[in-house]
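Report on the following structure.
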Amino acid sequence: MSIRIRCVGLAVVALAAVLLGGCATVHIPPADPWPALREARPASVLVMPPVNNTPDVEAPASVMAQAMVPLSEAGYYVMPVALVNETLRLNGVQTPQDAQQISVQRLREVFGADAALYMEVRKFGSVYRVITSESVVTVDARLVDLRDGRTLWTGSASASSAEQRGNPQGGLIGVLLQAVIEQVASNFSDRNHQVAGIAVRRLLGGSEARGLLPGPRARAVDAQR
Amino acid sequence: MSASLPQRALLLLVSLLITACATPTRTLYDWGSYPQALALHLRQAGGDAARQASLLEEHLQRSAGAARAAPPGLHAHLALLYTQLGNESLALRHLQAEKALYPEAAAYMDFLLKNARKAAQGSPS
Chain A
9 MSIRIRCVGL AVVALAAVLL GGCATVHIPP ADPWPALREA RPASVLVMPP
59 VNNTPDVEAP ASVMAQAMVP LSEAGYYVMP VALVNETLRL NGVQTPQDAQ
109 QISVQRLREV FGADAALYME VRKFGSVYRV ITSESVVTVD ARLVDLRDGR
159 TLWTGSASAS SAEQRGNPQG GLIGVLLQAV IEQVASNFSD RNHQVAGIAV
209 RRLLGGSEAR GLLPGPRARA VDAQR
Chain B
98 MSASLPQRAL LLLVSLLITA CATPTRTLYD WGSYPQALAL HLRQAGGDAA
148 RQASLLEEHL QRSAGAARAA PPGLHAHLAL LYTQLGNESL ALRHLQAEKA
198 LYPEAAAYMD FLLKNARKAA QGSPS
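Spelled out as structure tokens, the structure:
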């Protein structure tokens, strides 16, 4: 046997070892942080108009619009967002605070959703640093069962435009940001809206450790989590 | 010259290694211009309903061509746009389409359809 063949043989063994070990993740079953959510299995979610705790009047509409795709992709049916807004408006609900006063029974009657997502925008916009400014968006959320009023899940997420620079995970976030930019295209090129998209995706995308669990329409693979 | 067995095995393993950990990035739904239309609608309190409706209709045709279902909410959003454009019959048809495609929406769509019928009966014709 020539030396060359023997080297190739060794490489095969080494690669096989990498291949067998490579994708395995150590699986420690975590304590279920959201037993109520797992038990309630809501299939449809009503996104309530977000409460704005920032000076930027654009914040609620931006966050509300950005919530639709990640929540749907996580496997939930999202009640048609603009139509829900219109129904609320026609019924004299003018502000997010008004909307939050509506009882869960009434929301369930009109919209028939299993759960409602209440969001608060805590930060939305520019934070000025010495040289640059960065855009920061922080959103808090609470998922409430409309059938019995129980809180099923709470979460909070942030994103910043400065994450692209000087962050070891910059590559990944860069890709995410790129995806969001493509998604919103040229009509809203403004940074806050894009950063809001990343924050909301982290919050609702069903892939973060403390994020929302995938819903019933998620692919079988994702739903096993 | 043909590759020896170990060489072929090496090639196979390398190709497995490259593909094995890749996760599929395909989304559940084909969203098209709907997220943009929604953002425009919410942020500009309306916007150009006719243009948005025609963009969404185009996307529906493309989806149908690719045998993919419309994403959740798209038909309902079209119904809203057609209501604003004064085309009640198209609006009603899209409410029905949303309900047929996504049973989760049935109660809400029925609520809207019932209100639409009431409004039609209430108005003098």
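So the sequence lines, in the order shown, correspond to chains A and B.
Heads up: the first sequence runs through residues 9 to 233, numbered per our numbering.
Heads up: the second sequence runs through residues 98 to 222, numbered per our numbering.
Ideal placement from N, C-alpha and C gives every residue a C-beta, glycine not left out.
None of these values were measured; they are calculated from a predicted model.
(1) For Ser-141 (chain A), I'd like the list of residues in its chain whose CB is within less than 8 Å of its CB, leaving aside the five on either flank, ordered along the chain.
(2) Determine the burial state of Arg-140 (chain B): buried for a count of at least 16 other Cβ atoms within 10 Å of its Cβ, exposed for fewer.
(3) Would you decide whether Asn-60 (chain A) is buried or exposed? Buried here means 16 or more other CB atoms lie within 10 Å of its CB.
(4) Assuming the contact rule is C-beta atoms closer than 8 Å, Leu-98 (chain A) and Leu-125 (chain A) should be a hit. Round their C-beta distance to whole Å, please.
(5) For the putative contact between Ser-168 (chain A) and Pro-168 (chain B), defined by C-beta atoms under 8 Å, what is the C-beta separation to the nearest angstrom?
(6) Show which residues of chain B have a CB atom less than 7 Å away from the CB atom of Phe-132 (chain A).
(7) At a threshold of 8 Å, does Asp-207 (chain B) count as lining the ligand GTP (C-beta to nearest heavy atom)?
(8) Find the residues of chain B that neighbour Ala-69 (chain A), judging by a C-beta separation of less than 8 Å, and give them in chain order.
(9) Exposed or buried, Gln-133 (chain B), counting other C-beta atoms within 10 Å across all chains shown (16 or more means buried)?
(10) Judging by CA-CA distance, which residue of A:Phe-132, A:Leu-54, A:Arg-155 and A:Val-89 is the nearest neighbour of Ala-204 (chain A)?
(11) Could you pull out every residue in the same chain whose Cβ sits closer than 7 Å to the Cβ of Leu-41 (chain B), ignoring the five residues on either side in sequence?
(12) Ser-169 (chain A) CB to nearest chain B CB: under 9 Å?
(13) Is Thr-146 (chain A) closer than 9 Å to Ala-207 (chain A) when the C-beta atoms are compared?
(14) Applying a beta-carbon distance threshold of less than 7 Å, which residues of chain A neighbour Tyr-179 (chain B)?
(15) Closer than 8 Å is the cut-off here; do at least three beta carbon pairs connect the segment 113 to 127 of chain A with the segment 40 to 54 of chain A?
(16) Can you give me the C-alpha to C-alpha distance between Ala-48 (chain A) and Leu-212 (chain A), rounded to a whole angstrom?
(17) Measure the CB-CB distance between Gln-74 (chain A) and Ala-146 (chain B) and report whether it falls below 9 Å.
(18) In terms of alpha-carbon separation, which member of A:His-201, A:Asp-148, A:Asp-156 and A:Arg-155 lies closest to Leu-220 (chain A)?
(19) Roughly how many whole angstroms lie between the Cα atoms of Gly-157 (chain A) and Gly-162 (chain B)?
(20) I'd like to know whether the C-beta of Ala-164 (chain B) is nearer than 9 Å to at least one C-beta of chain A.
(21) Give the secondary structure of Val-65 (chain A) by DSSP, where H, G and I count as helix, E and B as strand, and everything else as coil.
(22) According to DSSP, simplified to helix, strand and coil, what is Ser-80 (chain A)?
(23) Residues in its own chain within less than 6 Å of Ala-202 (chain B) by CB, not counting five upstream and five downstream?
(24) Starting from Glu-142 (chain A), follow its DSSP beta bridges and name the residues at the other end.
(25) Please check if any C-beta of chain B sits within less than 9 Å of the C-beta of Ala-226 (chain A).
(26) Rounded to a whole number of angstroms, what is the C-alpha to C-alpha distance between Ser-143 (chain A) and Ala-217 (chain B)?
(27) Between Leu-157 (chain B) and chain A, is there a C-beta pair that is closer than 9 Å?
(28) Near Tyr-84 (chain A), what residues of its chain come up, given a Cβ to Cβ distance below 6 Å and the 5 sequence neighbours on each side ignored?
(29) How is Ser-151 (chain B) classed by DSSP in three states: helix, strand or coil?
(30) List, in chain order, every chain B residue whose beta-carbon is nearer than 7 Å to that of Glu-94 (chain A).
(31) Determine which residues of the segment 105 to 125 of chain A have a Cβ less than 9 Å from any Cβ of chain B, and write them out in chain order.
(32) Measure from the alpha carbon of Asp-153 (chain A) to the alpha carbon of each residue in A:Ala-107, A:Arg-227, A:Val-129 and A:Leu-115, then state which is nearest.
(33) Along chain A, which residues have their Cβ under 7 Å away from the Cβ of Glu-201 (chain B)?
(34) Strictly below 7 Å CB to CB, what residues from chain B border Ser-143 (chain A)?
(35) Among B:Leu-171, B:Tyr-199 and B:Pro-200, which has the Cα closest to the Cα of Ala-188 (chain B)?
(36) Less than 9 Å between the C-beta atoms of Ala-67 (chain A) and Pro-58 (chain A), yes or no?
In this structure, then:
(1) Ser-134 and Val-135
(2) Its Cβ being crowded by 16 or more others within 10 Å, Arg-140 (chain B) is buried.
(3) buried
(4) Not confirmed; about 21 Å, so no contact.
(5) About 29 Å separates the two Cβ atoms, so there is no contact after all.
(6) The premise fails here: Phe-132 (chain A) is roughly 13 Å from chain B at the closest Cβ pair, so nothing lies under 7 Å.
(7) With respect to the ligand GTP, the structure shown offers nothing to examine, as it has no ligands at all.
(8) Ala-136, Leu-139 and Arg-140
(9) The residue is buried, with at least 16 neighbouring Cβ atoms inside 10 Å.
(10) A:Phe-132
(11) Nothing can be reported for residue 41 (chain B): it is not among the residues displayed for chain B, which extend from 98 to 222.
(12) Not one chain B Cβ lies under 9 Å of Ser-169 (chain A).
(13) yes
(14) By Cβ distance, chain A contributes nothing, its closest Cβ being about 11 Å from Tyr-179 (chain B), past 7 Å.
(15) Judged by Cβ distances under 8 Å, the segment 113 to 127 of chain A makes contact with the segment 40 to 54 of chain A, as three or more pairs qualify.
(16) 17 Å
(17) No; because the gap between Cβ atoms is not below 9 Å, this pair is not in contact.
(18) A:Asp-148
(19) 42 Å
(20) no
(21) In this structure, Val-65 (chain A) counts as coil in the three-state DSSP scheme.
(22) helix
(23) Glu-195 and Lys-196
(24) A:Val-135
(25) yes
(26) 48 Å
(27) no
(28) Val-53 and Gly-223
(29) helix
(30) Leu-177
(31) Arg-116, Glu-117, Val-118, Phe-119, Gly-120, Ala-121 and Asp-122
(32) A:Leu-115
(33) Ala-51, Ser-52 and Tyr-85
(34) Going along chain B, no residue has its Cβ under 7 Å from Ser-143 (chain A), so there is no contact; the nearest lies around 16 Å.
(35) B:Leu-171
(36) yes
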